[in-house]
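Student: Numbering-wise, the sequence shown is residues 4 to 149 according to my numbering. My structure is below; once you've seen it, I'll send some questions.
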Amino acid sequence: MDFYHKLKSKKILVSKTDDFGYDLRKKWEDVFASHLSPLEKKQIYLHSNSGASGYLWHVFSYEKRKCDKEEQAELAFEKQYKDTCLIFFQHSDDVLLVEEAYDLKAKDLLLADGEYADLYVVDQEFRWTYVVTHERGWIGPFFCKK
Numbered sequence: 004m005d006f007y008h009k010l011k012s013k014k015i016l017v018s019k020t021d022d023f024g025y026d027l028r029k030k031w032e033d034v035f036a037s038h039l040s041p042l043e044k045k046q047i048y049l050h051s052n053s054g055a056s057g058y059l060w061h062v063f064s065y066e067k068r069k070c071d072k073e074e075q076a077e078l079a080f081e082k083q084y085k086d087t088c089l090i091f092f093q094h095s096d097d098v099l100l101v102e103e104a105y106d107l108k109a110k111d112l113l114l115a116d117g118e119y120a121d122l123y124v125v126d127q128e129f130r131w132t133y134v135v136t137h138e139r140g141w142i143g144p145f146f147c148k149k
């Protein structure tokens with residue numbers, strides 16, 4: 004069962020597209036990492052194709068933006084009012100639109116096979132983000148308000 008079908012099986016109203024991942028990653032960067040210079044982005048491997056692989060969440064792990072981390076991030080996400088959310092991924096152009104996301108929980112963002120991926124959850128206006136990294140248990144998750 005893939006991640007999309009896992010959410011559907013929990014009665015979460017979700018639809019899927021594979022065309023907007025790049026656009027959402029760019030907008031996420033514009034909202035949550037726009038205060039960084041090109042040099043600072045390079046220093047934290049925001050777009051690297053080698054080594055650290057270019058993860059947007061490096062803005063949090065390198066402490067270049069204040070955020071909640073680990074259990075505090077999960078609690079903040081649980082408490083956050085969620086109506087319509089977008090879920091997108093670091094290394095995929097798949098995008099999930101979650102409507103009536105009031106009951107979307109951090110545990111729901113565990114992939115179907117028990118693994119974690121680099122995924123980003125935002126509300127439609129990008130007022131907040133919740134990020135789950137593949138480094139679960141070591142780095143992340145993160146929660147940040149705009």
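Glycine included, C-beta positions come from ideal geometry on N, C-alpha and C.
Once you ignore the five residues that flank residue 16 on each side, which residues in its own chain have a CB closer than 6 Å to its CB?
Tutor: In the sequence shown, counting from the first residue as 1, residue 16 sits at position 13. 102 and 103.
Student: Which value, in whole angstroms, describes the spacing of the CA atoms of residue 113 and residue 10?
Tutor: Along the sequence shown, one-based indexing puts residue 113 at 110. Along the sequence shown, one-based indexing puts residue 10 at 7. Rounded to the nearest angstrom, the gap between the Cα atoms of residue 113 and residue 10 is 10 Å.
Student: So, with DSSP's three-state summary, where would you put residue 71?
Tutor: Position 68 of the sequence shown, counted from the start, is the residue given in the question as residue 71. Residue state, collapsed to three classes: strand.
Student: Take the Cβ of residue 143 as the centre, count every other Cβ of all protein chains shown within 10 Å, and call the residue buried at 16 or more, exposed below.
Tutor: Locating residue 143 in the sequence shown gives position 140, counting from the first residue. Buried, by the Cβ-count rule.
Student: Between residue 148 and the rest of its own chain, which residues show a CB-CB distance below 7 Å, the 5 nearest in sequence each way excluded?
Tutor: Working through the sequence shown from its first residue, we reach residue 148 at position 145. The answer, listed in chain order, is 130 and 131.
Student: Who pairs with residue 90 in a beta bridge, going by DSSP?
Tutor: For the purposes of this step, residue 90 is taken as the residue at position 87 of the sequence shown. BP columns for residue 90 point to 99 and 124.
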